[in-house]
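For the sequence shown, the residue numbers in this note's numbering are 21 to 297. All C-beta atoms, glycine included, are put in the ideal place defined by N, C-alpha and C. If you're wondering where the values come from, they're calculated on a predicted model, not measured in any experiment.
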Amino acid sequence: MHVCPACEQAQLPQARYCSECGTPLITRCPACAAINVRTRAACHRCGTGLQPATGVDADTRFDAVTIPTEVPEWPRLDDALSEGWPADPPTAVEATGTGEPAQAAQDVGADDARRRQKAERRAALRRARDRRAAAPSSLDVLVLESDPAARALLCRWLELFGFRPALAVSVPEADGLSLRQPHAAAFLGIGAGTDGQETADFCQHLQRARQGRPLALIAVLDADAHTDRVRLQLAGADAIVLRPVGRGDVARALEACGLALPHDPREGRAPATSIDD
């Protein structure tokens, strides 16, 4: 109990604060052995009066104890790691010399977050553009979707982009189609009438295929299908789209997987007629 809990320096028995760093010292209650700071007059657990080890009353002030006016600054780990790195940019207060420090720090943090988000979006667009192929090796796209309305809508967008949908309403049927011919992409729907684990296993089978693997494995889910989303991601799905699937969802998912659209209605059109959800 005579060692500072912060800097572990030995202290005088009657001291209430560490003479090195100013941290309050601790003691044990003589009745219940609970740990208390020495500045307390009574135990926080049982209320027993706390007497200093020297027998002085608990309310006596220990003015003789020297409390440092300046707390020593301990070296930070990131200081050692960042040795030789460029200095951090000045904060808003340092740059302008005005403003409240707390509010300025929040503004700087918000600005940094927005800059990072913009940079990440630009990097994602560059990666997608760099990965985009001149044209897919096949125009056939495997569509596993048991819901008739969702299947019709997805096929409509694929045909708009110049693909030929190959339809399947069950995993065994989709497996047979995948063995019959190569597909540029596969949209794997999970919903009513489709077993999520069976679809995840099929997705993993396509992902590990040495020959004929679709360039894009895209899962089609309902917004609240959280378990199925995790299953498909673990099974190797390249992208996730949610029902109802819009034109923009299909275009972004294919481009994010590095698959060019054989026919892109956005090219040569005004922004008002671009592909959006």
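Which residue marks the beginning of the alpha helix (DSSP H) containing residue i, and which one marks its end?
| i | result |
| --- | --- |
| T47 | From DSSP, T47 is part of no alpha helix (DSSP H) but of the beta strand (DSSP E) over I46 to R48. |
| A236 | Where A236 is concerned, there is no enclosing alpha helix (DSSP H), although the beta strand (DSSP E) it sits in stretches over A236 to L241. |
| L199 | V191 to R200 |
| A273 | R267 to A276 |
| Q227 | G216 to R228 |
What span of residues does the beta strand (DSSP E) with residue i cover, start to end?
| i | result |
| --- | --- |
| F207 | A205 to G209 |
| P185 | R184 to A188 |
| V57 | I55 to V57 |
| A172 | Counting along the chain, A172 falls outside any beta strand (DSSP E), though it belongs to the alpha helix (DSSP H) covering P168 to L180. |
Mapping DSSP to helix, strand and coil, what is residue i?
| i | result |
| --- | --- |
| A290 | Its pLDDT being 38, under 50, A290 is placed unreliably by the model, and nothing is read from it. |
| L254 | helix |
| L162 | strand |
| A259 | strand |
| A143 | helix |
| A130 | helix |
Just confirm the distance between the C-beta atoms of residue i and residue j, as a whole number of angstroms; I'd bet it's less than 8 Å.
| i | j | result |
| --- | --- | --- |
| A61 | T68 | Contact doesn't hold; Cβ gap of about 10 Å is too wide. |
| A273 | A259 | 4 Å |
Under 7 Å: does the beta carbon of residue i sit that close to some heavy atom of the ligand ATP?
| i | result |
| --- | --- |
| L45 | With respect to the ligand ATP, the structure shown offers nothing to examine, as it has no ligands at all. |
Check whether the Cβ atoms of residue i and residue j lie closer than 8 Å to each other.
| i | j | result |
| --- | --- | --- |
| A170 | F183 | no |
| V250 | F207 | no |
| P185 | E193 | no |
| D167 | G216 | no |
| G209 | L164 | yes |
| Q227 | G256 | yes |
| S198 | L162 | yes |
| Q201 | D160 | yes |
| T47 | C24 | no |
| C41 | A54 | no |
| N56 | C49 | yes |
| L45 | A35 | yes |
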